[in-house]
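Chains as they are written, first to last, in our numbering: chain A, 1 to 354; chain B, 355 to 708; chain C, 709 to 1094; chain D, 1095 to 1480.
Every residue gets a Cβ at the ideal spot worked out from N, C-alpha and C, and that includes glycine.
Right, one structure below, let's go through it.
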């Protein structure tokens, strides 16, 4: 297992990056974010032409049969662009859950990019508390209940609902999906209400495992967010002059950016490790580190942009909001560190101790 | 209650500072530290002529009847000088314990500075775990047991030993005091072994209260340590040139020192608050903050002195060692924060939560 | 005048004035010298120690009060500057309606190209007989849309080094050529404005201080601004930690050890910062102002950001209360939801002097550290690289 | 040469040499090109990819090994510099005994007045026929007391700007006028020395690189030093966190939630730093050295300091193992007690380039940020303010 990028991965990266630069640069994302956040035309091209929708789906179902490592590279680029497409929610989370059920037909549709799915779990759930925010129950072939803070649901054709140890499919038309004002403008969350909706049992679902898989890959998206923030800030402080010098020539600024770079370097290693190995330790390490680095990078970017960073017109805030929302998504850094207490044998104080 | 210094306090400060500058500057402390750390001549002058030994002792017993605020100012100056005198151990900790027993004769001797006392508790004990490190028991008028890491014991004429809820006096000659190599070179700790030593019952002792009182005042010593580190570093970086500029003109250094100064400003407010109010909250706040500030100030001082700070010949390490040892003395910052959980109504997770 | 004297004076004032007529009451209070007692007589004060203001506030607690939100810039920044640099006529003209709230003030300082380096500002004022013609763009102006007057710094001489070619004015916000556009922030709201000045004519008697002395005048304004931002008294557990503690206590199910340890640390930091503010105010009252004031805004920004970030995480709330683009009436750090507070707090380390600039000021003015090599010191403003 | 070829070569070497005679075995290993395979043939190498060294180390694991502690400076810093800048004669003379450990090396770079700003160094070398006469004082020289040779940077031309007037030498530590004095550190030990050079005569064939080119030569040395300090591979849970975890697991009674949360954070930071080192070495092996190397020492110092500080606090140990003033044989970061480790780790952010200098280097060379205004650039060394 290597922590480097392969040539194939670099080609995939270049294709995604090129498409985003062309079709959906951050300024364009900002422009649509209050009316129609998702760019489904872009998604169609990405899913179909570049083929990212079926990346994780084996060839037998019509997918590319690639590994999580390639999906991770796509996520880096999508994070870098705060790209408003349902890749993570449909082609990673929902697809991974579906793969365990072997639902050939649905997988085929997803692979083609014809159908988009969403896993109906709260984005604030985690591998350690997978049921947080969900109250769905089964009754005689129908599902009822509410799930809060579901990501990607409003652009899904089919909703995949985990209940108990099983995964069910519900047609989007049979559920009420209400998007709520969301901290993350580029991946809003919705409340999904299901009342005696007809549901198809697809097969078994180990929800904690699915969320862990997602959390591991989310670290790559966080890396992309942090990289954009660092790069954009570097460019800005080289250009912006105050006191007749580039702001980036001031030593206090330089040292902070050096420290931030070092954090990002380590986030890259952590993301690569988690992309190649979804064991509980590796995922917890990557999330515990990268979630914080993304937030820190966005916060430093804002501060070092000065006033302009506080304005709505600069796309920086989209990254801050994405980073802060991701910090809570699929487990906070604190949740992941807490998990490491047992995973890495660093046990806490015993009962009765302070 | 004011957080400012009174005129009387400033006069006391000037007297102590002048004496230390004259008799025991840091270079002199360093010179004696491996042979005979305590400067008992200096202590005699401080205790008798300036009268600090009896500061906390009421006039009826021959003391100055001053408040903890004056003792705090003396501690600031002694911290600033890492002065090797048993003021904190004898005139603060031991004296405060003794006051509760009303032992007139012994208090009179202490006030005069003729007798020096030490409270036989581990310096690593805290208001929350007052008995840590002690195994002394009473048996028919004699005491037996061991107490580790006792500060000031080797220069005490009389040992005040808390057992259960009582305070006993043991003559130093009747105990074995073995100084161990100590992290803090200027206030080494000793193991005190007592075997069936004749002991005089002095009266009641609320050990947690005594340690809390001590911890509150230790915050002023920590302030003094931090102030010396900051002042000495400021002087050094103004003088030291690298790259044909004073090191202190580099912005990254300037910003760190500005942040450090702000920490020290807040440590001064916290120390003053604890000097005027030994309630549990105020003491815990002062210790939780000042212990860390002293360590941070000493660590920054070392780093900003570069190579010279790593050498034995520069007295800076005496301050680092004092600060680090004080971080563990009478409760770590973590212990004090933990105490605030209930004192300030910020309760922890309930049982069964992660 | 001692405490008893002033109480006596207040009693007399209260006896003679009806608090039910708010505006008349405030005008009378100003005329009685009970607006700001340390100001000179005739200008809303009695020329006595600032300490005695506490007595006035206590005694007049139940009577009509100022709207410190909307009047903030006038009271905190314009007034002390007018007092220090204004002519007798300017003081008499402006201070009374400023204090009573009849005239609202805003501040035209920052520009898109002049933020931290305010002295590089480019808004030009050119003399034309008894008038000045002003052209330029200002930014981050709160309250511009309901202001009658502004304090304004301009460039009057581009041929001398930047600090020497500025002049300070009182700007008539109703003058032709003043255009106010809302500036939307990352919170969704437009709390600030951009102000475009196009051929705005200001008569020379609106100039505050000498021609070319604008930098020194502006320093007075800025110093007052920074104390105002970080220096307000709070109670233990108050300020930004308040809403976090409320959530914490009400929702035991949200607690984790990670959050607990971080919250305890921030509780301690809030408390020592609060104590430090108490000590600072004691020093001011005792007439021994210490350098500690310079640090208050720095601590305030850092704490607000850490606490509001923790708050969002504690709630695990992926929602936001409302993104509607609307004008807010005044500055609000603590209102609305955790997400709003988190985003708004990001501005605390930028507005009124960035934390970086404040660290420069502390290190040079308080700690006496040498300045960096300056490349812009003796260069005419017009030749500076931008 | 591929992996099979080199294995074959190693087998032949092993068959012909007796590992029981340590010195002879190492000499033969050097002569067989199995010392550092990426060095040229005849100089201990085979002129092949550095990647293959792993094969050599694996295959020769049970045979006599180098003493990397005492030989560290020779292997890590002197050797690459001699290879890059030495004459053929110098390479042949020095590399073999350097590698076998018959001759130990030290480094005469830092001076009391030239730490971070190494290029301002004042040790003078004056030409006298075929010799140079060296006078000056060096400091922070580890292993000077058992070294045969030193790498030395001197000032040969004080009349040109500082970077241009330096020359690099190999210094004979047995020459008259070389005096080594132990320099005691805050740990109590003397791991380093001060070296006084008084009229030391070095023949011109000990010069490394051109006269006046010393700064460039020294850069090669320093680059190798920084990679050496932070770049060693560690296992998960290894390095400075190792002893902390041991104590933590063995002493449940010492645990608190405060320490637990901090330890978990440091565990994560240790692990991502470790992964970053693994990735860096993969890049080197793949022939794509990345800029990440510059950061390794920085992370290493920060982690060592945080962990060793936590360790002392966890143990609540007010004692110290031993303050005796003694010479240590080599650098030891992890040995002895927690107190020693805490104090020793303070040096990690100073030795081999302070963390401040490393941040300067990263920001300028890796991130491309502009340098600060330089006041010493075109000034002759002798006229610089000190």
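Cβ separation of residue i and residue j, assumed to be a contact under 8 angstroms, to the nearest whole Å
i: residue 1199(D); j: residue 1243(D); result: 5 angstroms
i: residue 578(B); j: residue 447(B); result: So it is not a contact: roughly 17 angstroms between Cβ atoms.
i: residue 204(A); j: residue 166(A); result: 6 angstroms
i: residue 233(A); j: residue 305(A); result: 7 angstroms
i: residue 611(B); j: residue 1077(C); result: 7 angstroms
Same chain, Cβ closer than 7 angstroms to residue i, neighbours up to 5 away in sequence not counted
i: residue 966(C); result: none
i: residue 1471(D); result: 1255
i: residue 753(C); result: 741, 743, 744, 745, 746, 747
Closer than 8 angstroms to chain D by CB, residue i
i: residue 332(B); result: Lying before the first or after the last residue shown, residue 332(B) is absent from chain B, which here runs from 355 to 708.
i: residue 538(B); result: yes
Proximity winner among the options, relative to residue i (alpha-carbon distances)
i: residue 48(A); options: 115(A), 97(A), 75(A); result: 115(A)
i: residue 285(A); options: 307(A), 216(A), 164(A); result: 216(A)
i: residue 1451(D); options: 663(B), 435(B), 601(B); result: 601(B)
i: residue 1306(D); options: 1273(D), 1259(D), 1332(D); result: 1259(D)
i: residue 727(C); options: 844(C), 772(C), 758(C); result: 772(C)
i: residue 1023(C); options: 880(C), 1007(C), 1047(C); result: 1047(C)
i: residue 526(B); options: 607(B), 472(B), 464(B); result: 472(B)
i: residue 276(A); options: 21(A), 13(A), 73(A); result: 73(A)
8 angstroms Cβ cutoff, residue i in contact with chain C
i: residue 287(A); result: no
i: residue 702(B); result: yes
i: residue 600(B); result: yes
i: residue 279(A); result: no
i: residue 1467(D); result: yes
i: residue 571(B); result: no
i: residue 595(B); result: no
i: residue 1472(D); result: no
8 angstroms CB neighbourhood of residue i in its chain, flanking five on each side removed
i: residue 381(B); result: 669
Any C-beta of chain A under 8 angstroms from that of residue i
i: residue 1457(D); result: yes
i: residue 891(C); result: yes
i: residue 1024(C); result: yes
Cβ-based neighbour list, residue i, same chain, cut-off 6 angstroms, excluding 5 preceding and 5 following
i: residue 777(C); result: 1038
i: residue 405(B); result: 418
i: residue 687(B); result: 642, 645, 646
i: residue 1190(D); result: 1124
i: residue 450(B); result: 564, 567
i: residue 1121(D); result: 1194
CB contact check: residue i to chain B, cutoff 8 angstroms
i: residue 1143(D); result: no
i: residue 730(C); result: no
i: residue 251(A); result: yes
i: residue 354(A); result: At residue 354(A), the pLDDT of 45 sits below 50, so the modelled position is not reliable; the number obtained from the coordinates is stated separately. So, interface residue.
i: residue 1068(C); result: yes
Checklist entry - How do the segment 967 to 976 of chain C and the segment 683 to 700 of chain B stand: do at least 3 beta-carbon pairs fall below 8 angstroms, yes or no? => result yes
Checklist entry - Hey, is the segment 1126 to 1133 of chain D in contact with the segment 1097 to 1110 of chain D, meaning 3+ C-beta pairs nearer than 8 angstroms? => result yes
Checklist entry - Counting Cβ pairs closer than 8 angstroms, one from the segment 177 to 184 of chain A and one from the segment 195 to 204 of chain A, do we hit at least three? => result no
Checklist entry - How about the segment 1335 to 1344 of chain D and the segment 1392 to 1409 of chain D: do they share at least three Cβ pairs that are nearer than 8 angstroms? => result yes
Next on the checklist: Pairs of beta-carbons, one from the segment 1273 to 1285 of chain D and one from the segment 660 to 680 of chain B, closer than 8 angstroms: are there three or more?
Outcome noted: yes
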